[in-house]
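Asks: For the record, the sequence lines run as chains R and L. Start counting at 1 in the first sequence, then tack on 5, and there's your number in this note's numbering. Start counting at 1 in the second sequence, then tack on 5, and there's your number in this note's numbering. Where a beta carbon is used, it is the ideal one built from N, C-alpha and C, also for glycine.
Protein chains: 2
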Amino acid sequence: MNILLTNDDGIWAPGLRALYQILFSAGHQLTVVAPLTEQSAVGHAVTLSSPLRIKKVNDGPFQGFGVSGSPVDCVKIALGTVYNLQPQLLISGINNGANVGVDILYSGTVAAATEAALVGIPALAVSVDHFNPEDLSPQAEYVRDFIHTIDWASLPPRRVLNMNFPDLPVPECKGLRLCPQTQAVYEDWYDERTDPRGRRYYWLCGEILPQNLEPDTDRTLLTQGFITLTPLTFDFTDHKLMHQLDASVAGGR
Amino acid sequence: MNILLTNDDGIWAPGLRALYQILFSAGHQLTVVAPLTEQSAVGHAVTLSSPLRIKKVNDGPFQGFGVSGSPVDCVKIALGTVYNLQPQLLISGINNGANVGVDILYSGTVAAATEAALVGIPALAVSVDHFNPEDLSPQAEYVRDFIHTIDWASLPPRRVLNMNFPDLPVPECKGLRLCPQTQAVYEDWYDERTDPRGRRYYWLCGEILPQNLEPDTDRTLLTQGFITLTPLTFDFTDHKLMHQLDASVAGGR
Chain R
6 MNILLTNDDG
16 IWAPGLRALY
26 QILFSAGHQL
36 TVVAPLTEQS
46 AVGHAVTLSS
56 PLRIKKVNDG
66 PFQGFGVSGS
76 PVDCVKIALG
86 TVYNLQPQLL
96 ISGINNGANV
106 GVDILYSGTV
116 AAATEAALVG
126 IPALAVSVDH
136 FNPEDLSPQA
146 EYVRDFIHTI
156 DWASLPPRRV
166 LNMNFPDLPV
176 PECKGLRLCP
186 QTQAVYEDWY
196 DERTDPRGRR
206 YYWLCGEILP
216 QNLEPDTDRT
226 LLTQGFITLT
236 PLTFDFTDHK
246 LMHQLDASVA
256 GGR
Chain L
6 MNILLTNDDG
16 IWAPGLRALY
26 QILFSAGHQL
36 TVVAPLTEQS
46 AVGHAVTLSS
56 PLRIKKVNDG
66 PFQGFGVSGS
76 PVDCVKIALG
86 TVYNLQPQLL
96 ISGINNGANV
106 GVDILYSGTV
116 AAATEAALVG
126 IPALAVSVDH
136 FNPEDLSPQA
146 EYVRDFIHTI
156 DWASLPPRRV
166 LNMNFPDLPV
176 PECKGLRLCP
186 QTQAVYEDWY
196 DERTDPRGRR
206 YYWLCGEILP
216 QNLEPDTDRT
226 LLTQGFITLT
236 PLTFDFTDHK
246 LMHQLDASVA
256 GGR
């Protein structure tokens with residue numbers, strides 16, 4: 006297949022490199038357009054107030070284009086007028102850290118996939134539930150086999166498949182489960198510290214409380230050792246509430 | 006009401022100041038926690054890789070807290086352990102530039118409202134279809150009156166009301182219309198330029214082609230002179246596709 010690769014951990018990240026190596030060895034035609042620097046948790050950020058630069062990255066057999074922007078910028082650069090690519094599939098990842106539940110809002114990995122899906126490119130986001138994984142080749146091999154099980158061209162438009170690997174060696178995973186996102190949100194707190202010059206600063210911390218997790222949703226199944234797969238869609242309009250409000254708020258017009 | 010104000014144009018932006026002045030004069034209890042610098046199009050970005058700093062901003066009658074991060078950071082700072090606020094309503098805006106259709110993905114204005122909604126705070130995002138509006142007091146006065154027409158506490162959880170003003174003086178607007186987002190996407194292109202040192206750089210440009218716009222959606226109605234209101238929800242899971250794929254992909258487990 007003709008595949009566009011990107012991520013949010015940056016063009017030097019091991020997850021992207023593992024995907025590249027495994028998919029290249031399998032004979033796929035690959036183009037990499039990825040951020041030059043780590044862009045985790047940038048969400049669907051797009052660079053409007055500053056220009057973008059592109060740097061060609063040749064690193065042994067690896068070739069790609071590094072962009073001085075966000076994952077969404079990379080997809081726009083790749084599919085837009087700069088490179089005009091028309092891949093059959095975009096794969097974003099493999100991300101260090103799961104993207105489940107509300108993570109989807111914050112995730113640059115998923116945002117890149119969304120951006121492709123919006124303009125009609127089938128898209129897969131891949132993440133692993135570990136912030137510093139040692140070797141993602143087994144996950145990349147799983148992805149290599151998985152992409153042949155989906156008829157990408159027949160998926161409904163504007164959909165992303167969001168895959169997450171548990172924090173387990175792939176052979177020990179319990180298999181693939183289709184599941185919805187958890188609705189549980191993070192309990193956030195800030196760690197307040199003082200810098201060497203006596204000024205206060207704040208680090209974000211947060212966790213999802215286990216008692217808030219529903220069974221058979223992505224976070225729960227991932228923790229149980231399943232590989233999870235969630236199809237995502239992006240119509241934010243709440244049509245039911247729209248009609249209710251239309252009767253009340255705008256009833257007088 | 007006890008209202009939290011934020012935005013993505015930054016704590017010095019006229020749209021935020023207009024809201025502050027009008028709502029303050031109307032007797033509301035206001036807290037401002039807003040980005041120190043412009044954060045347009047940052048989407049749901051959250052700052053994880055660097056610490057945040059907070060600066061108190063006193064500017065005549067205006068008081069607020071400026072945060073060295075994104076709109077979502079500001080909401081987390083305000084509602085989380087730093088200030089522990091429990092406002093009855095969050096208002097994000099008034100943003101320079103409309104947030105309709107897929108703008109909702111990129112918009113820091115909407116992301117701030119979403120972040121509040123996720124933790125149970127009713128939220129209103131307000132934008133105006135002009136990138137450099139002169140005086141947003143009339144829009145702020147409209148918002149002041151509008152917020153009394155909604156029973157915020159009785160809205161379903163995790164909803165944002167997304168309001169957009171057309172590029173018209175408020176008295177000339179055709180009234181308020183409840184409507185869905187347009188599904189039309191931008192046709193992007195990059196303006197390729199060369200800097201004074203001979204290096205190439207790229208500016209993102211884009212437009213939604215009028216022929217792609219559906220009638221009675223936000224972009225269309227806004228251009229026709231209506232004030233638009235769209236209730237947004239954030240369940241991304243495509244349950245129908247999930248069940249279809251479950252039968253095919255994971256059928257063999």
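With DSSP as the reference, label W194(R) as helix, strand or coil.
Replies: Your numbering for residue 194(R) matches position 189 in the first sequence. DSSP places W194(R) in strand when its eight states are reduced to three.
Asks: Which residues in the same chain as S45(R) place their Cβ atom closer than 7 angstroms to its Cβ, once the five residues preceding and following it in sequence are excluded?
Replies: Position 40 of the first sequence, counted from the start, is the residue given in the question as residue 45(R). Correct list, in chain order: D13, D14, G113.
Asks: Given a threshold of 16 other Cβ atoms within 10 Å of its Cβ, counted over all protein chains shown, does Q144(R) qualify as buried or as exposed?
Replies: Here residue 144(R) corresponds to residue number 139 of the first sequence, with the count starting at 1. Buried: at least 16 other Cβ atoms inside 10 Å.
Asks: Beta strand (DSSP E) containing I109(R): first to last residue?
Replies: Locating residue 109(R) in the first sequence gives position 104, counting from the first residue. Element bounds for I109(R): not the beta strand (DSSP E) but the alpha helix (DSSP H), 108-111.
Asks: Tell me which residues share the same chain as E212(L) and place their Cβ nearer than 7 angstroms to its Cβ, disregarding the 5 neighbours each side in the sequence.
Replies: Residue numbering aside, residue 212(L) sits at position 207 when the second sequence is read from its first letter. So the qualifying residues of the chain are Y191, E192.
Asks: Give the list of continuous beta strand (DSSP E) stretches no shorter than 3 residues that lie fully inside the stretch 75-126 of chain L.
Replies: Counting only runs of 3 or more, we get 94-101.
Asks: Taking 7 angstroms as the limit between beta carbons, can you name the residues of its chain near W17(L), skipping five residues before and five after?
Replies: Here residue 17(L) refers to the residue found at position 12 when the second sequence is read from its first residue. Closer than 7 angstroms at Cβ, skipping near neighbours: no residue.
Asks: Thinking C-beta only, is W194(R) closer than 8 angstroms to T52(L)?
Replies: For the purposes of this step, residue 52(L) is identified with residue 47 of the second sequence, where counting begins at 1. For the purposes of this step, residue 194(R) is identified with residue 189 of the first sequence, where counting begins at 1. In this structure, W194(R) does not lie closer than 8 angstroms to T52(L) by Cβ.
Asks: Once the 5 residues before and after G230(L) are set aside, which same chain residues still bring their CB inside 8 angstroms of it?
Replies: Numbered from its first residue, the second sequence carries residue 230(L) at position 225. Cβ within range, chain order: P171, L173, E177, C178, K179.
Asks: Does L218(R) come out as helix, strand or coil in the three-state DSSP assignment?
Replies: Counted from its first residue, the first sequence places residue 218(R) at position 213. Coil, per DSSP.
Asks: Inspect the beta-carbon positions of E43(R) and S54(L) and report whether they are closer than 8 angstroms.
Replies: On the first sequence, residue 43(R) is found 38 positions in, with the first residue counted as 1. On the second sequence, residue 54(L) is found 49 positions in, with the first residue counted as 1. Yes, these two residues count as a Cβ contact at 8 angstroms.
Asks: What number of angstroms, rounded off, separates the C-alpha of S132(R) from the C-alpha of E139(L)?
Replies: Along the first sequence, read from residue 1 onward, the residue named residue 132(R) stands at position 127. Along the second sequence, read from residue 1 onward, the residue named residue 139(L) stands at position 134. Looking at the two C-alpha atoms, the distance is approximately 45 angstroms.
Asks: Are R224(R) and G106(R) close, meaning C-beta to C-beta below 8 angstroms?
Replies: The sequence position of residue 224(R) within the first sequence is 219, counting from 1. The sequence position of residue 106(R) within the first sequence is 101, counting from 1. The answer is yes: Cβ separation under 8 angstroms.
Asks: In chain L, which residues lie with their C-beta within 7 angstroms of the C-beta of K81(R)?
Replies: Position 76 of the first sequence, counted from the start, is the residue given in the question as residue 81(R). The answer, in chain order, is D193, L209.
Asks: Pick out the complete beta strand (DSSP E) segments inside the stretch 136-205 of chain L, 3 residues or longer, and give them in chain order.
Replies: Those beta strand (DSSP E) runs which fall completely within the stretch 136-205 of chain L and span 3+ residues are 165-170, 181-183, 192-199.
Asks: Strictly under 8 angstroms for the Cβ-Cβ distance: is V254(L) near chain R by that measure?
Replies: Sequence index remark: in the second sequence, residue 254(L) carries index 249 (1-based). It does: the Cβ of V254(L) has a partner Cβ on chain R nearer than 8 angstroms.
Asks: To be precise: take each residue of the stretch 39-52 of chain L, compare its Cβ to all Cβ atoms of chain R, and keep it if any distance is under 8 angstroms. Which residues remain?
Replies: Correct list: E43, S45, A46, V47, G48, H49, A50, V51, T52.
Asks: Could you pull the DSSP bridge partners for F67(R) from this structure?
Replies: Locating residue 67(R) in the first sequence gives position 62, where the first residue counts as 1. Its beta-bridge partners are D64(R).
Asks: Using beta-carbon positions only, say whether S73(L) and L41(L) come within less than 8 angstroms of one another.
Replies: Here residue 73(L) corresponds to residue number 68 of the second sequence, with the count starting at 1. Here residue 41(L) corresponds to residue number 36 of the second sequence, with the count starting at 1. Contact: yes.
Asks: Since I believe I126(R) is in contact with A23(R) (beta carbons under 8 angstroms), could you give me their beta-carbon distance rounded to a whole number of angstroms?
Replies: Locating residue 23(R) in the first sequence gives position 18, counting from the first residue. Locating residue 126(R) in the first sequence gives position 121, counting from the first residue. Their Cβ separation, rounded to whole angstroms, is 22 angstroms, which puts A23(R) and I126(R) out of contact at 8 angstroms.
Asks: What residue from A103(R), L110(R), I155(R) has the CA that sits closest to L227(R)'s CA?
Replies: Working through the first sequence from its first residue, we reach residue 227(R) at position 222. Taking only the C-alpha atoms, the option nearest L227(R) is A103(R).
Asks: Please list, in chain order, all residues of the same chain as Y206(R) whose beta carbon is under 7 angstroms from its beta carbon, the five residues on each side excluded.
Replies: Position 201 of the first sequence, counted from the first residue, corresponds to residue 206(R). Counting only Cβ-Cβ distances below 7 angstroms, and skipping sequence neighbours, we find R198, D200.
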